[in-house]
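Asker: In the working numbering, the protein residues as written are 292 to 590. One structure, as structure tokens, below. Some questions next.
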Ligand code: CNA
């Protein structure tokens with residue numbers, strides 16, 4: 292696909308905006324808001340890309356509607372589609388992308404404020420980004436709980452059940468992970484439709500938002516970079532619209548989405564192309580190419 296770097300009246304490209312921000316501001320900090328698009332090059336399909344997205348591929352699971360795989364009421368009735376998907380997506384099978392490592396390099400160089408991620412693949416942490424910077428807004432596979440009594444369980448228990456499927460004459464069967472206290476179903480702490488986002492997501496965003504609002508008063512400068520997301524799932528999708536007008540927003544994606552489309556601002560930047568290509572171009576401008584390659588090679 293042709294790369295389009297729209298400049299909307301300002302003379303900088305998106306890549307230059309991000310690279311210059313880092314070069315020119317010793318205290319400059321970036322808030323990344325990311326989605327499934329940063330992990331597609333790792334081999335994990337996103338939800339909504341036509342033909343390759345998970346929703347396109349879910350027909351084999353006989354779901355009443357595609358989102359049912361992440362619907363808590365549906366899971367209570369039939370956990371099998373989620374188990375089938377979990378088996379495909381389980382962390383440990385994938386290597387972080389160039390974009391994950393670019394965010395890690397931002398941390399290494401003191402330019403990372405936060406990574407808000409909708410992804411459940413834990414690749415930000417696997418890229419080495421310190422936990423305090425990563426907000427997994429939709430949870431992850433890392434911990435598990437009973438959906439009836441909330442008892443917490445170690446990752447390994449659910450993992451072992453997901454990985455011991457049986458092939459029967461009726462197809463694939465799983466032995467579902469059940470709570471040893473109440474026999475309720477156990478599921479990873481991934482936020483399903485109909486469940487609340489974790490408290491720390493809202494608490495951290497409130498604090499970061501305060502910093503953005505007070506930028507004028509402090510020594511730090513901030514830039515918001517939205518990457519690889521359709522901005523279709525709320526409340527995460529509303530984060531870019533809450534960013535104060537004075538803060539520049541950049542979007543790196545295959546398409547213009549969400550608030551960048553509905554309520555575009557003069558100081559928005561858009562790079563139309565792959566997230567890994569953007570990572571390489573930004574690294575080139577910053578002389579980070581070798582480190583980026585090293586992270587990728589040594590993983
Ligand atoms: P989505 O709705 O599938 O949107 C993905 C977006 O990324 C689309 O706008 C694509 O055009 C764009 N995109 C895809 N590949 C690339 C690429 N290589 N370069 C640039 N842009 C690209 O996914 P969202 O993250 O917006 O939706 C939120 C859901 C997806 C969350 O609840 C996640 O849990 C869920 N999800 C997570 C994963 C994962 O953990 N890797 C995978 C699939 C879905």
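For glycine and all other residues, C-beta sits at the position ideal for the given N, C-alpha and C.
Are the beta-carbon atoms of residue 538 and residue 503 separated by less than 8 Å?
Answerer: Translated into the one-based positions of the chain shown, residue 538 becomes position 247. Translated into the one-based positions of the chain shown, residue 503 becomes position 212. In contact: residue 538 and residue 503 (Cβ atoms closer than 8 Å).
Asker: Whose CA, out of 524, 498, 506 and 435, lies closest to the CA of residue 470?
Answerer: As a working note, residue 470 is residue 179 in the chain shown. The shortest Cα separation from residue 470 among 524, 498, 506 and 435 belongs to 435.
Asker: In the DSSP assignment, the beta strand (DSSP E) including residue 524 goes from what residue to what residue?
Answerer: Locating residue 524 in the chain shown gives position 233, counting from the first residue. Where residue 524 is concerned, there is no enclosing beta strand (DSSP E), given that its DSSP letter is neither H nor E.
Asker: Is residue 294 buried or exposed, if buried means 16 or more other CB atoms sit within 10 Å of its CB?
Answerer: What you label residue 294 is simply residue 3 of the chain shown in a count that begins at 1. With a pLDDT of only 45 at residue 294, under 50, the local geometry of the prediction cannot be trusted, and no value is derived from it.
Asker: With DSSP as the reference, identify every bridge partner of residue 409, one or two as the case may be.
Answerer: Residue numbering aside, residue 409 sits at position 118 when the chain shown is read from its first letter. DSSP, once it has assigned bridges, lists no residue as partnering residue 409.
Asker: Does the segment 510-530 touch the segment 331-346, meaning 3 or more C-beta pairs lie closer than 8 Å?
Answerer: Counting C-beta pairs with one atom in each stretch, the segment 331-346 and the segment 510-530 have three or more that are closer than 8 Å, which means they touch.
Asker: Can you name the start and end residues of the beta strand (DSSP E) that residue 437 belongs to?
Answerer: In the chain shown, counting from the first residue as 1, residue 437 sits at position 146. Note, residue 437: beta strand (DSSP E), 430-437.
Asker: Pick out whichever of 532, 574, 475 and 427 has its Cα sitting closest to the Cα of residue 500.
Answerer: On the chain shown, residue 500 is found 209 positions in, with the first residue counted as 1. Here the closest residue by C-alpha is 532.
Asker: Give the range of the beta strand (DSSP E) segment to which residue 588 is assigned.
Answerer: The residue given as residue 588 occupies position 297 in the chain shown. First-last for residue 588: 580-589, but that is the alpha helix (DSSP H), not the beta strand (DSSP E).
Asker: For residue 488, which of helix, strand or coil comes out of DSSP?
Answerer: For this step, residue 488 is matched to residue 197 along the chain shown. Reduced to three states, the DSSP call for residue 488 is coil.
Asker: Output the distance between the C-alpha atoms of residue 557 and residue 541, rounded to the nearest integer angstrom.
Answerer: Locating residue 557 in the chain shown gives position 266, counting from the first residue. Locating residue 541 in the chain shown gives position 250, counting from the first residue. Rounded to the nearest angstrom, the two C-alpha atoms are 11 Å apart.
Asker: How about residue 362 and residue 382: do their beta carbons lie closer than 8 Å?
Answerer: Here residue 362 corresponds to residue number 71 of the chain shown, with the count starting at 1. Here residue 382 corresponds to residue number 91 of the chain shown, with the count starting at 1. For residue 362 and residue 382, no; Cβs fall outside 8 Å.
Asker: Less than 8 Å between the beta carbons of residue 332 and residue 567, yes or no?
Answerer: Here residue 332 refers to the residue found at position 41 of the chain shown. Here residue 567 refers to the residue found at position 276 of the chain shown. Taking 8 Å as the Cβ cut-off, residue 332 and residue 567 qualify as a contacting pair.
Asker: At a cut-off of 7 Å, is residue 331 close to the ligand CNA when judged by its beta-carbon and the heavy atoms of the ligand?
Answerer: Here residue 331 refers to the residue found at position 40 of the chain shown. Yes, the ligand CNA has a heavy atom inside 7 Å of this Cβ.
Asker: Are the beta-carbon atoms belonging to residue 407 and residue 530 less than 8 Å from one another?
Answerer: Position 116 of the chain shown, counted from the first residue, corresponds to residue 407. Position 239 of the chain shown, counted from the first residue, corresponds to residue 530. Between residue 407 and residue 530, the C-beta gap is smaller than 8 Å, which places the two residues in contact.
Asker: Are the CB atoms of residue 527 and residue 409 within a distance shorter than 8 Å?
Answerer: As a working mapping, residue 409 is identified with position 118 in the chain shown. As a working mapping, residue 527 is identified with position 236 in the chain shown. In this structure, residue 527 lies closer than 8 Å to residue 409 by Cβ.
Asker: Less than 8 Å separating the beta-carbons of residue 320 and residue 402?
Answerer: What you label residue 320 is simply residue 29 of the chain shown in a count that begins at 1. What you label residue 402 is simply residue 111 of the chain shown in a count that begins at 1. Cβ distance < 8 Å, so residue 320 and residue 402 count as in contact.
Asker: Under 8 Å between the Cβ atoms of residue 335 and residue 385?
Answerer: Along the chain shown, read from residue 1 onward, the residue named residue 335 stands at position 44. Along the chain shown, read from residue 1 onward, the residue named residue 385 stands at position 94. In contact: residue 335 and residue 385 (Cβ atoms closer than 8 Å).
Asker: With 16 as the cutoff for other CB atoms within 10 Å, does residue 421 come out buried or exposed?
Answerer: Residue numbering aside, residue 421 sits at position 130 when the chain shown is read from its first letter. Counting Cβ neighbours within 10 Å, residue 421 comes out exposed, since fewer than 16 surround it.
Asker: Assess contact between the segment 549-556 and the segment 351-358, defined as three or more Cβ pairs (one per stretch) separated by less than 8 Å. Is contact present?
Answerer: no
Asker: Bridge partners of residue 427, per DSSP?
Answerer: If you number the chain shown from 1, residue 427 lands on position 136. The partner list for residue 427 (beta bridge, DSSP) reads 408.
Asker: Report the three-state DSSP secondary structure of residue 294 (helix, strand or coil).
Answerer: As a working mapping, residue 294 is identified with position 3 in the chain shown. For residue 294, the predicted structure reports a pLDDT of 45, less than 50, and the residue's modelled location is therefore unreliable. The matter cannot be settled from this model.
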